[in-house]
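Scroll down for the structure; my scribbles are underneath it.
Protein chains: 2
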Amino acid sequence: MQKLQDSLKPIVALCKRRGFIYPGSEIYGGFANTYSYGPYGAELKKNIKDLWWRLFVHERRDMVGLDGPILLHPKTWQASGHVEGFVDALIDCKACKSRFRADHLIEEALHKSADGMNLKQMTEEIQKHKLKCPKCGAQDFTEARVFNLMFHTHMSKTGADGDIAYLRPETAQAIFVDFKNIIDTMRVKIPFGVAQIGKAFRNEITPGNFVFRVIEFEQMEIEYFIREADWQKTFDHWLAAMHSWCKKIGLSKNHVHEKEHPKELLSHYSKRTVDLVYDFPFGTSELYGLAYRTDFDLSRHAECSGQSLFYTDPETKEKFIPHVIEPTFGVERTILALLCNAYDEEMLENGETRTVLHFAPCVAPVKVAVFPLMKKEPLSEKAQAVFALLQRLWHCEYDDSGAIGKRYRRQDELGTPYCITIDFETLENDTLTLRDRDSMKQERLAIGQLIETLSKKLV
Amino acid sequence: MQKLQDSLKPIVALCKRRGFIYPGSEIYGGFANTYSYGPYGAELKKNIKDLWWRLFVHERRDMVGLDGPILLHPKTWQASGHVEGFVDALIDCKACKSRFRADHLIEEALHKSADGMNLKQMTEEIQKHKLKCPKCGAQDFTEARVFNLMFHTHMSKTGADGDIAYLRPETAQAIFVDFKNIIDTMRVKIPFGVAQIGKAFRNEITPGNFVFRVIEFEQMEIEYFIREADWQKTFDHWLAAMHSWCKKIGLSKNHVHEKEHPKELLSHYSKRTVDLVYDFPFGTSELYGLAYRTDFDLSRHAECSGQSLFYTDPETKEKFIPHVIEPTFGVERTILALLCNAYDEEMLENGETRTVLHFAPCVAPVKVAVFPLMKKEPLSEKAQAVFALLQRLWHCEYDDSGAIGKRYRRQDELGTPYCITIDFETLENDTLTLRDRDSMKQERLAIGQLIETLSKKLV
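Protein chains in written order, with my numbering: chain X, 19 to 477; chain V, 19 to 477.
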């Protein structure tokens with residue numbers, strides 16, 4: 019059922035056409051690869067976030083939630099290493115003013131890696147080979163300079179200098195900064211985790227592939243605090259939990275793979291990182307990440323803040339800085355993978371093609387659509403009564419315009435798992451038809467059985 | 019039951035002590051009146067947002083949701099009037115570098131209004147009366163200058179100038195900017211509304227009163243599109259809906275009032291605005307707002323973008339720019355009002371005081387707590403089975419440490435409406451005790467009845 023799309027194009031078009039994802043600020047010509055989640059996209063996103071919170075916070079006794087600010091004290095980002103190290107080397111074309119990543123320019127033009135080159139070496143390499151501006155063809159670049167990927171802004175609270183603030187480039191640090199408050203006020207015992215969902219921002223000049231790489235995005239992130247000795251088994255636990263999550267939301271097992279980061283390319287804070295990658299139409303790319311961050315972050319924050327971030331074991335009274343396993347889930351990448359995974363154009367028996375999103379019911383934006391066979395009484399009244407019954411339990415849609423076949427197609431494109439039709443037989447014996455999106459089969463069902471039947475199907 | 023607190027202090031203390039709200043970046047000495055929602059605060063916030071979305075999006079057929087970006091095209095804020103008009107006049111003390119609102123300084127020192135004064139007049143007034151710096155007492159200020167309340171940042175995408183971007187100071191404009199996409203792709207008919215929940219940022223120099231006025235906050239906002247002729251009845255409808263919401267979340271009717279904005283003080287876009295104000299401990303202050311924004315925003319965006327933002331009536335083919343009624347709900351103010359409304363210190367019969375949050379069950383962070391009478395088998399096993407049963411339906415807590423009375427007190431402080439105790443009788447006849455937070459009464463109940471009983475109580 020879930021064959022791999024070779025192109026994002028039809029998915030991007032469907033997203034726009036059916037109110038999933040609009041280009042950001044489109045009436046003003048768009049804005050820097052930002053996107054707006056339309057009515058169905060907003061529901062899909064909310065379903066993903068709600069399910070994640072339920073599974074990883076509510077259904078586990080070893081987890082608590084947190085909702086920290088986007089604007090954190092600037093020292094946070096000195097401690098984390100972002101002020102110094104979260105940078106790209108950029109150069110500008112002097113002719114057309116376009117800006118590029120120097121390493122990308124070298125890699126693409128000369129087919130060699132710029133890894134390990136410093137700014138001067140990159141500048142020289144670009145000048146020596148007279149590389150051309152990919153936009154306008156000119157061969158006149160500025161020197162390569164370092165640009166930090168954090169968006170910065172200024173507080174107007176004081177007239178003093180140094181009132182800079184950063185938009186957080188990851189949600190993780192908000193958890194580390196609150197670690198002390200959490201251990202002081204919550205009755206948590208190691209091992210335990212803190213989960214957070216929220217926005218982060220990265221001032222990237224090469225966003226792309228629809229919502230895959232964007233400057234404004236949401237992360238669902240867990241920092242799981244452990245004793246150092248337990249890191250390997252905890253790592254394995256979370257790797258399995260991440261695979262279970264992929265299964266739960268309906269991602270095809272064949273298209274989700276593990277990718278171990280080679281030791282020499284690990285981030286400064288990590289001793290092991292495994293990505294879950296997905297076979298996107300544009301290539302196999304990072305979906306989620308799992309990193310063993312050691313005690314790097316808490317140690318750095320303890321050092322930079324002067325606060326004790328020791329955890330004291332309530333039984334042994336042993337004091338130590340916990341180590342951390344970090345599973346990270348990108349919300350936008352989840353949405354994109356789900357769309358790619360669910361999208362299909364199926365040839366029907368009658369020769370027509372139907373476009374369908376085979377979403378798992380747990381993430382589908384609309385769970386049930388209710389149709390009166392025709393827009394007339396008493397069919398409408400009956401259909402509205404059924405709609406009212408279901409609407410309090412699930413996000414439902416009511417549609418009474420056009421032929422039933424056309425209404426099914428509309429819901430197929432939204433990924434609605436079930437459609438209910440109220441027909442003349444309903445008026446006689448209180449039964450209705452329940453139509454399955456994937457099999458397109460209908461079954462006749464008593465209204466009295468509807469909620470129980472749907473409750474079982476919509477898990 | 020809900021008497022008015024005369025001070026925020028015990029509430030702020032409870033919020034910190036019990037993991038509701040921590041000062042932002044506290045290990046670094048705090049940061050500009052930002053806050054972090056701890057485990058219980060995050061649940062409370064999520065409950066408010068989820069309930070709002072269910073009532074105003076899922077349970078209404080005239081509403082759709084949207085989730086737009088924080089970073090919108092800068093022209094958005096020129097069109098809306100924010101670039102030009104969303105400003106404060108600020109002055110700096112030359113001695114201690116503290117920054118103040120010029121109008122506040124005049125109002126507080128001279129007990130007269132600065133309304134209508136321009137920058138020059140305010141500067142002269144401050145110099146003439148030799149006003150003192152409230153921080154250091156010096157009498158040497160800079161001239162008053164205009165500061166925009168929008169946080170601004172820069173995109174690094176291009177090397178060109180003019181790459182400024184603003185953090186949205188309100189969520190509303192993200193809806194107006196997407197109006198065309200919504201009417202083009204969703205089968206909406208006027209009257210209809212678009213709902214959105216999301217963060218907004220205001221670079222205020224006088225935040226305060228705990229989470230009442232903060233630089234980073236969340237709004238739950240609706241733009242409801244209508245024909246001009248319908249504005250009054252729609253305004254009345256939403257005013258009633260906002261009161262119903264206050265009732266639903268449990269705000270005491272006695273402490274919620276309407277405050278009509280006088281015509282001469284209306285914002286440039288509004289023909290009528292009514293605030294719902296709440297009797298906070300620091301005074302009666304704005305909780306929610308309802309504004310008739312006319313067709314100001316859509317007309318301005320049509321003008322500035324060059325795009326047609328006309329709506330065409332599907333029957334009459336009449337083309338017009340819709341008028342807008344806007345109900346706005348602040349998330350943080352909802353949280354603060356709920357805390358103030360729910361907080362109580364009650365004298366018990368035995369002379370002790372219990373601190374309790376009388377939250378409505380629909381917003382309470384934890385719905386049910388499960389206790390084994392003692393931490394020993396087979397009580398624990400039985401209690402864990404009951405916990406597992408409930409955990410999939412509601413956010414529950416398990417607590418087996420300390421005396422039962424102490425465990426009740428802990429849950430009272432969190433506002434947990436029901437506590438369940440598994441005792442020796444449970445082992446004999448599968449009954450348990452259900453304890454009500456407000457009455458503190460216990461009833462004996464069969465385990466088999468538990469879910470049904472709780473389902474009725476937890477609405």
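C-beta: ideal position from N, C-alpha, C; glycine also.
Under the three-state reduction of DSSP output, Met238 of chain V falls in the strand class. Residues of the segment 30 to 44 of chain X with a C-beta atom less than 8 Å from some C-beta of chain V are Lys34, Arg35, Arg36, Gly37, Tyr40, Gly42, Ser43, Glu44, listed in chain order. Collapsing the DSSP output to three states places Asn447 of chain V in a helix. Not a single CB atom of chain X sits nearer than 8 Å to the CB of Ser473 of chain V. Contact between the segment 388 to 402 of chain X and the segment 251 to 269 of chain X is absent, with fewer than three C-beta pairs closer than 8 Å.
Here Cys437 of chain X is bridged, per DSSP, to X:Ala387, X:Arg453. Under the DSSP assignment, Leu354 of chain X falls in the alpha helix (DSSP H) whose first and last residues are 349 to 360.
Below 8 Å, too few C-beta pairs join the segment 96 to 103 of chain V and the segment 63 to 83 of chain V to call them touching: fewer than three. Not a single C-beta of chain V is nearer than 8 Å to the C-beta of Ser398 of chain X. Close CB contacts of Glu222 of chain V within its chain, under the 7 Å cut and outside five residues either way in sequence, are with Leu167, Arg231, Ile233 (chain order). Per DSSP, the unbroken beta strand (DSSP E) holding His172 of chain X starts and ends at 170 to 172. For Ile440 of chain X, the CB contacts under 8 Å within the same chain, skipping 5 residues up- and downstream, are Val388, Phe389, Pro390, Leu391, Leu397, Lys400, Ala401, Val404, Leu450 in chain order.
Lys63 of chain V counts as buried, since no fewer than 16 other beta carbons sit within 10 angstroms of its beta carbon. Boundaries around Phe197 of chain X are those of the alpha helix (DSSP H), 197 to 203, since no beta strand (DSSP E) includes it. Put simply, the CB of Arg117 of chain V is near chain X, with a gap under 8 Å to one of its CB atoms. Contact note: Tyr306 of chain V does not reach chain X at a C-beta cutoff of 9 Å; the least C-beta distance is about 21 Å. Around the C-beta of Val164 of chain V, fewer than 16 other C-beta atoms lie within 10 Å, and the residue is accordingly described as exposed. Val212 of chain X and Glu431 of chain X have their C-alpha atoms some 37 Å from each other. For Leu137 of chain X, the CB contacts under 8 Å within the same chain, skipping 5 residues up- and downstream, are Ala107, Ala120, Glu161, Ala162, Arg163, Val164 in chain order. A distance of 8 Å or more separates the beta carbons of Leu73 of chain V and Val381 of chain V.
Assignment of Gly86 of chain V by DSSP, reduced to helix, strand and coil, places it in the coil class.
Excluding sequence positions up to five before and after Phe314 of chain V, its CB lies within less than 7 Å of the CB of Tyr287, all in the same chain and listed in chain order. With a cutoff of 8 Å on beta-carbon distance, Asn199 of chain X and Gly56 of chain V are scored as near each other.
The beta carbon of Ala309 of chain V is closer than 6 Å to those of Ser288, Thr291, Glu344 in its chain, skipping five residues each way along the sequence. DSSP, read as helix, strand or coil, puts Arg78 of chain V in coil. Distance from the CA of Leu407 of chain X to the CA of Thr434 of chain V, rounded to the nearest whole angstrom, comes to 29 Å. Under DSSP, the beta-bridge partners assigned to Tyr184 of chain V are V:His170. Only Thr160, Phe165, Asn166, Leu167, Phe169, His170, Thr171 from the segment 150 to 171 of chain X bring a Cβ to less than 9 Å from some Cβ of chain V.
Close partners of Gly59 of chain X in chain V (Cβ separation under 8 Å): Asp85. Nearest CB-CB separation between Ala190 of chain X and chain V: not below the 8 Å threshold. Per the Cβ contact rule, the segment 110 to 120 of chain X is in contact with the segment 135 to 155 of chain X (3 or more Cβ pairs under 8 Å). Distance from the CA of Leu185 of chain V to the CA of Ile66 of chain V, rounded to the nearest whole angstrom, comes to 24 Å.
Looking at the backbone, the Cα of Thr330 of chain X and that of Pro92 of chain X are separated by about 28 Å. When secondary structure is reduced to three states using DSSP, Val212 of chain X falls in the strand class.
When DSSP states are grouped into helix, strand and coil, Asp106 of chain X belongs to the strand group. Per DSSP, reduced to three states, the secondary structure at Asp293 of chain X is strand.
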